[in-house]
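Have a look at the structure below before the remarks.
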Amino acid sequence: MTWLTGNWPQVLELLVGHLVLTVPAVGLSVLLALPLGRLAWRLPRVGGPLLAAATLLYAVPALPLLIVIPVLIGTPLRSSATMIAALTVYGVALLVRSVVDGFGAVDRGVRDAAVAVGHSPTGMLWRVDLPLALPVILAGVRVVTVSTVGLVTIGALIGVPSLGSLLTDGFQRGIVAEVVTGVVVTVALALILDAALVLAGKALTPWAARRARGPVVVSR
Amino acid sequence: MIEFEHVAKHYPDGTVAVRDFSLTVPSHRCVVLLGSSGSGKTTLLRMVNRMVDPTGGRVLIDDADVRDSDPVALRRSIGYVLQSGGLLPHRTVADNVATVPLLTGATRRAARSRALELLGRVGLDESLAQRYPAQLSGGQQQRVGVARALAADPNILLMDEPFGAVDPLVRRELQDELLRLQSDLGKTILFVTHDVDEAFRLGDEVIVLRPQAEIAQRGTSVEILAQPADDFVRGFIGADRGRRSLRLATSGGRQVAVDLEGHAVGILE
Amino acid sequence: MSLLSEAWAWLAVEGRWSGPAGIPARTAQHLAVTGVAVLLGAVVAVPAGILVGHARRGAGWVAALMGGARAVPSLGLLTLFGLWLGIGVEAPLLTLAVLAVPSLLAGVYSGFLAIDEAIPQAARAVGLSPGQVVVLVELPLALPVIVGGLRAATLQVVATATLAAYTSDYGLGRYLFAGLKTRDYAQMLAGSLIVIALALALELLLAALQRAARRVADPAHTSDPSGRRPSRKDHP
Numbered sequence: 001m002t003w004l005t006g007n008w009p010q011v012l013e014l015l016v017g018h019l020v021l022t023v024p025a026v027g028l029s030v031l032l033a034l035p036l037g038r039l040a041w042r043l044p045r046v047g048g049p050l051l052a053a054a055t056l057l058y059a060v061p062a063l064p065l066l067i068v069i070p071v072l073i074g075t076p077l078r079s080s081a082t083m084i085a086a087l088t089v090y091g092v093a094l095l096v097r098s099v100v101d102g103f104g105a106v107d108r109g110v111r112d113a114a115v116a117v118g119h120s121p122t123g124m125l126w127r128v129d130l131p132l133a134l135p136v137i138l139a140g141v142r143v144v145t146v147s148t149v150g151l152v153t154i155g156a157l158i159g160v161p162s163l164g165s166l167l168t169d170g171f172q173r174g175i176v177a178e179v180v181t182g183v184v185v186t187v188a189l190a191l192i193l194d195a196a197l198v199l200a201g202k203a204l205t206p207w208a209a210r211r212a213r214g215p216v217v218v219s220r
Numbered sequence: 001m002i003e004f005e006h007v008a009k010h011y012p013d014g015t016v017a018v019r020d021f022s023l024t025v026p027s028h029r030c031v032v033l034l035g036s037s038g039s040g041k042t043t044l045l046r047m048v049n050r051m052v053d054p055t056g057g058r059v060l061i062d063d064a065d066v067r068d069s070d071p072v073a074l075r076r077s078i079g080y081v082l083q084s085g086g087l088l089p090h091r092t093v094a095d096n097v098a099t100v101p102l103l104t105g106a107t108r109r110a111a112r113s114r115a116l117e118l119l120g121r122v123g124l125d126e127s128l129a130q131r132y133p134a135q136l137s138g139g140q141q142q143r144v145g146v147a148r149a150l151a152a153d154p155n156i157l158l159m160d161e162p163f164g165a166v167d168p169l170v171r172r173e174l175q176d177e178l179l180r181l182q183s184d185l186g187k188t189i190l191f192v193t194h195d196v197d198e199a200f201r202l203g204d205e206v207i208v209l210r211p212q213a214e215i216a217q218r219g220t221s222v223e224i225l226a227q228p229a230d231d232f233v234r235g236f237i238g239a240d241r242g243r244r245s246l247r248l249a250t251s252g253g254r255q256v257a258v259d260l261e262g263h264a265v266g267i268l269e
Numbered sequence: 001m002s003l004l005s006e007a008w009a010w011l012a013v014e015g016r017w018s019g020p021a022g023i024p025a026r027t028a029q030h031l032a033v034t035g036v037a038v039l040l041g042a043v044v045a046v047p048a049g050i051l052v053g054h055a056r057r058g059a060g061w062v063a064a065l066m067g068g069a070r071a072v073p074s075l076g077l078l079t080l081f082g083l084w085l086g087i088g089v090e091a092p093l094l095t096l097a098v099l100a101v102p103s104l105l106a107g108v109y110s111g112f113l114a115i116d117e118a119i120p121q122a123a124r125a126v127g128l129s130p131g132q133v134v135v136l137v138e139l140p141l142a143l144p145v146i147v148g149g150l151r152a153a154t155l156q157v158v159a160t161a162t163l164a165a166y167t168s169d170y171g172l173g174r175y176l177f178a179g180l181k182t183r184d185y186a187q188m189l190a191g192s193l194i195v196i197a198l199a200l201a202l203e204l205l206l207a208a209l210q211r212a213a214r215r216v217a218d219p220a221h222t223s224d225p226s227g228r229r230p231s232r233k234d235h236p
């Protein structure tokens, strides 16, 4: 605790740095995974190989990926761009599957009925498929967000500042309190972002909550 | 008026859903396609609103080939009811009923008042308007499905086994409701079912289908019961098992109709 | 692309492929530490998973454990244990074993839970003892999901084992950290490529193992063929 009282401005600064890496990475992952997942769902012939590739990408270890990425896209090693690119690779690899699952979970009868009453293809996407796939996609976004917060710490090893810097710095200087602070604040950040997503999900899918609570009324 | 002119539906894998089907559904009448699964009845229904395009022949609505109309606009102009309502689970009851008016650009206020009016028309209380479909009973969901189909005031209603997922008592209630609505509104209804009793109860005309949508017999329920065309029809409507044959018995001075197995089915007034 | 050819050249240097600091020796270390860690994790996770899975209770606990574990940064555990246990192989080994537990536990647990409840009940009804129900009925049926958990755990451990070199001189990660320290990009790139190749090879091997397990559990191929595994990602 005494370590934290003396160093909280530094912790705060690293926390902000951590967020500045996490939020764009998760946002980019969602933006890329949605069209890719939609494509994979509509064209299983593309979807099969795409999902297999996503599974393989997900298996690539993070630190080696951070080192390979500059060679592939020409960013400097010690940069947020490299960091965000690597995090996005994992985010997309995981989310594409969620998006495919989400669209796949939409009831066929509901889709048929929506087409039958005259939804256009774009109307289907925005008014039917996307809202109904949302719970599953959101579950994926939660997993991606929490793991991204954890993964950002690895960046400290190549010199990109984040809460991970508390872990490396604390280890090298032998300050247990600093490492513990790093772990606790990272976990807290992950759980807070996760809780925020749960709340956002509740606000966005009121039908799901009411279904659980609402009484079934027998016809009059 | 809906006309099927020698329509056929062959799938690329060689399956034939419909071989060669012709039929005229006159305006303001309820025609029932009666067949078991695989008879192509749903395929025929979906040809009318272009959910399925025939690989041969054509479908006309009031003498216009449906293929010349935009499918989305066509679907908005035709009411469609399917099993368990096919309601959008993420929209309230009122929004579900107002789906088509909202899609075609009605104001929210107009669409909403129309939705409330329709809920009353299909026998649902306005207090249900803000609920989600999952909070309604099966019968109520089905009524909402009918209300949604009526929202754009279409001339044609397509009904695909709409009452198949509810229990027999509620089904009976919904059939009565449909008959009442039909006597008020006089829509052109094409109704698909595998339930013989439902077909006979609702259809001004009943089309009995064999596999691949071959017409086994068409006529009123009376005609089909009186003169089944062949053993297939006799078997399908249950005439061969004595279920449709009744005789009179007397009990306590009243005449009771019983079937051939001796089960009472009604009283002769 | 010149970096790639430099990495290639680094790999081709004589002596790189032999001796105690050579690539084969370090790969063997890497795999050994991975294997031992997964084994240690399994000693804890498998019995625990069987207990909660057989009882079909504790869904909330397992979900909370998975969620919580996902939030803990592996680098944090590694550095904490490193400060506590010093620079030997013990700290990374303990970290990796701890990291393997949630995926393994979730695999066993969800594998048991995915079995139609009527099947173990029927097995009990025809006279199998609880132990026989577990061994003869539940474990074989749950096998594909259990192997899925093993796959997730192993991949996470093999990836995190790269970080072991941060607190001890162990495994393939050594090339990465040595390269980082001396700004020898060729060396760290070459090391990275070896680690990636190793991870992908393990992934393909375990995926094949999972398919084989699926054939054991479902010889008639009645269930969903998509290759599912419990997902978790915070490995380096």
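Chains as they are written, first to last, in full-length UniProt numbering: chain E, 1 to 220; chain B, 1 to 269; chain R, 1 to 236.
Where is the CB? At the ideal position from N, CA and C, for every residue including glycine.
Bear in mind the structure is a predicted one, so any value in this text is a computation, not a measurement.
Same chain only: Cβ atoms within 6 Å of Ala-142 of chain R, ignoring 5 sequence neighbours per side: Gly-111 and Phe-112
Helix, strand or coil at His-10 of chain B [DSSP, three-state]: strand
Residues of the stretch 9 to 37 of chain E with Cβ closer than 8 Å to any Cβ of chain R, in chain order: none
Start-to-end residues for the beta strand (DSSP E) that takes in residue 274 of chain B: Nothing in the structure corresponds to residue 274 of chain B, since chain B is present only between 1 and 269.
Interface positions of the stretch 130 to 150 of chain E facing chain R (Cβ-Cβ less than 9 Å), listed along the chain: Gly-140, Arg-142, Val-143, Val-144, Val-146, Ser-147, Thr-148, Val-149 and Gly-150
Identity of the residue in R:Val-89, R:Gly-191 and R:Val-135 nearest Thr-11 of chain R by Cα: It should be noted that the sequence gives Leu, not Thr, for residue 11 of chain R. Residue R:Gly-191 is the option with its Cα nearest to Leu-11 of chain R.
Contact list for the stretch 68 to 98 of chain B against chain E, Cβ threshold 9 Å: Pro-71, Val-72, Ala-73, Leu-74, Arg-75, Arg-76, Ser-77, Ile-78, Gly-79, Tyr-80, Val-81, Leu-82, Gln-83, Ser-84, Gly-85, Gly-86, Leu-87, Leu-88, Pro-89, His-90, Arg-91 and Thr-92
Inter-stretch contact (C-beta, 8 Å, three-pair minimum) for the stretch 209 to 216 of chain B and the stretch 11 to 21 of chain B: yes
Test: Trp-17 of chain R CB closer than 8 Å to a CB of chain E: no
Proximity test, Cβ basis, 8 Å: Leu-103 of chain B and chain E: yes
Opposing strand residues paired with Ser-251 of chain B [DSSP bridges]: B:Arg-254
Residues bridged to Thr-193 of chain B (per DSSP): B:Leu-34
Buried or exposed (CB count within 10 angstroms, at least 16 for buried), Gly-35 of chain R: exposed
9 Å Cβ cut-off: residues of chain E touching Tyr-11 of chain B: Within 9 Å Cβ-Cβ: nothing; Tyr-11 of chain B doesn't reach chain E, min ~17 Å.
8 Å contact criterion, which Val-48 of chain B and Leu-158 of chain B should meet: CB distance rounded: 6 Å
Contact with chain R by Val-110 of chain E, beta-carbon distance below 8 Å: no
8 Å Cβ cutoff, Ala-113 of chain E in contact with chain B: yes
Amino acids of chain E, ordered along the chain, whose beta-carbon sits closer than 9 Å to that of Gly-127 of chain R: The premise fails here: Gly-127 of chain R is roughly 40 Å from chain E at the closest Cβ pair, so nothing lies under 9 Å.
Beta-bridge pairing of Met-159 of chain B - partner residues as DSSP gives them: B:Val-81 and B:Phe-191
Interface flag, Phe-171 of chain E vs chain R, CB-CB below 8 Å: yes
Range covered by the beta strand (DSSP E) that runs through Leu-60 of chain B: 56 to 61
For Asp-18 of chain B: DSSP bridge partner residues: The amino acid at residue 18 of chain B is misidentified as Asp; the sequence shows Val. Paired residues: B:Lys-9.
Proximity of Val-110 of chain E and Gly-164 of chain B at Cβ, strictly below 8 Å: no
Residue range of the beta strand (DSSP E) that includes Gly-219 of chain B: 214 to 219
Beta carbon proximity, Val-99 of chain E to chain B, threshold 8 Å: no
Burial state of Lys-181 of chain R (16 or more Cβ within 10 Å): exposed
According to DSSP, residues forming a beta bridge with Phe-4 of chain B: B:Leu-23 and B:Val-59
Buried or exposed by the 16-neighbour rule on C-beta atoms within 10 Å, applied to Val-134 of chain R: buried
Supposed close pair Ala-159 of chain R, Ala-133 of chain E - CB separation, criterion 8 Å: Contact doesn't hold; Cβ gap of about 30 Å is too wide.
Minimum Cβ-Cβ distance from Ala-116 of chain E to chain B less than 8 Å: yes
Beta carbon proximity, Arg-211 of chain E to chain B, threshold 8 Å: Note on Arg-211 of chain E: pLDDT 47, under 50, position unreliable in the model; no value is reported.
Contact set for Thr-75 of chain E: own chain, Cβ-Cβ below 6 Å, skip 5 residues either direction: Ala-81 and Thr-82
For Asp-107 of chain E and residue 247 of chain R, the rounded distance between their alpha carbons: Lying outside 1 to 236, the shown extent of chain R, residue 247 of chain R is not represented and no answer is given.
Of the residues E:Ser-165, E:Val-141, E:Tyr-90 and E:Ser-120, the one placed nearest Ala-200 of chain E, counting alpha carbons only: E:Val-141
Assigned exposure category for Tyr-11 of chain B - 16 Cβ within 10 Å defines buried: exposed
Test item: CB-CB of Ala-25 of chain E and Ile-67 of chain E under 8 Å: no
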